[in-house]
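Notes follow once the structure below has been shown.
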Amino acid sequence: MIDGENCSQATKHEQQNTQKIFNDENDKKRIIGREIDLIVANCGVELSSSEWKRDQTADSTIEQQHVKNIRSNVVMLKRMLDICQDDSRISVVGMEWLGFVGCAYSIEKLQDVFLMNDAGALIVPSSLANLDSIVDTLDLLFRLKSHYLNVAAIIEPAVESISVSKQLNKLRSASEMEGSDTNPIFFTSTTTAQLMFSQNIDALFWEHRCSHEHIDVLI
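Everything in the sequence shown is counted per full-length UniProt numbering, starting at 1 for the first residue and increasing by one.
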């Protein structure tokens, strides 16, 4: 586990890919990963993201943190699926805490869609009267641990295989081909990315309109 506002390498990698997709060379700022309270990782691969906030945090901040954490976990899931060649057993389970109360959720990929499901509540009792609630919390935490161990067991041989392939490619002087990402996850949009997205939407709208006008003429 990596705790204490550490930068996520998976989110950094995703932002770099997004810039490549939009040919965004105008943005010269240094890209850094999103800062995350707790990252579970194995063999250098990030398995999940979890965030903590205080009891009295504003609703708007909670919502912003929620969106950030979902995006971060989706990016980590994408990275794991790339490594494991879309292994259907791979999913990510993240946590969000507000004071002594938290929730866990799972994210999995179904075709080109990422699905999020509630995985249970996490409650740390603040008094002896609520001590019984710790039992369910501990049970869920142990299930989360089991999930991470299972994912790690899938990740480790895949990471080793990629490492061996890279070394062999160097020996054989083979160039590595980069695949195109069909599901980019956007964080802070750059000016170039926003402009290109807007132009693409306008072009699609114009094409759709012209198509309908042509059909009307034929009728």
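Think of the CB as a built atom: it goes at the ideal place given N, C-alpha and C, for glycine as much as any other residue.
Consult DSSP for residue i and reduce its assignment to one of helix, strand or coil.
i: Leu128; result: helix
i: Cys7; result: strand
i: Glu213; result: Here Glu213 scores only 47 on pLDDT, less than 50, and its place in the model should not be relied on; the value that follows carries that caveat. If DSSP states are grouped into helix, strand and coil, Glu213 belongs with the helices.
i: Lys20; result: helix
i: Glu176; result: Unreliable placement is indicated for Glu176, whose pLDDT of 49 sits below 50; the coordinate value is still reported in the next sentence. Glu176: coil per DSSP, three-state reduction.
i: Leu218; result: The predicted model places Leu218 with a pLDDT of 32, which falls under 50 and marks its position as unreliable; any figure quoted below should be read in that light. In this structure, Leu218 counts as helix in the three-state DSSP scheme.
Compare the Cα-Cα distances from residue i to each of the options and report the closest residue.
i: Tyr148; options: Val40, Glu35, Ser8 and Cys7; result: Val40
i: Ser91; options: Val101, Gly99, Ser106 and Trp97; result: Ser106
i: Phe15; options: Cys103, Lys166, Arg71 and Ser88; result: Just to set this straight, residue 15 is Gln in the shown sequence, not Phe. That would be Arg71, whose Cα lies nearest to the Cα of Gln15.
i: Gly120; options: Gly99, Lys109 and Leu144; result: Leu144
i: Glu96; options: Met116, Lys78, Leu122 and Met80; result: Leu122
i: Asn6; options: Thr18, Asp86, Gly33 and Gln19; result: Gly33
i: Arg54; options: Ser165, Leu98 and Ser8; result: Leu98
i: Ala10; options: Asp59, Trp52, Gln56 and Asn69; result: Asn69
i: Arg89; options: Val101, Lys12 and Ile154; result: Ile154
i: Ala158; options: Ser50, Val45 and Cys103; result: Val45
i: Thr57; options: Val151, Val101 and Cys84; result: Val101
i: Asp136; options: Glu160, Leu115 and Ala104; result: Ala104
i: Gln85; options: Asn17, Leu38 and Ser161; result: Ser161
i: Leu117; options: Gln111, Asp132, Lys170 and Val93; result: A small correction: the amino acid at residue 117 is Asn; Leu does not occupy that position in the sequence shown. Cα-wise, what sits closest to Asn117 is Val93.
i: Gln111; options: Asp132, Ile134, Leu131 and Asp87; result: Asp87
i: Glu108; options: Gln167, Ser48, Glu156 and Asp59; result: Ser48
i: Gly75; options: Phe114, Lys170, Ser173 and Asn42; result: The displayed chain sequence assigns Val, not Gly, to residue 75. Looking at the Cα atoms, Phe114 is the closest of the given residues.
Taking the continuous alpha helix (DSSP H) assigned at residue i, which residues delimit it?
i: Ala158; result: Ser133 to Arg172
i: Ser72; result: Asp59 to Ile83
By DSSP's criteria, residue i is part of a beta bridge. Which residues make up the other side?
i: Glu96; result: Glu51 and Cys103
i: Glu14; result: In DSSP, Glu14 forms no bridge with anything.
What is the residue span of the beta strand (DSSP E) that residue i lies within?
i: Gly120; result: Val113 to Ile123
i: Asp37; result: Glu35 to Asn42
Sufficient close CB pairs (3 or more, under 8 Å) joining the segment 134-143 to the segment 53-70: no
Segment contact, 8 Å Cβ cut-off, at least three pairs: the segment 77-92 with the segment 123-140: no
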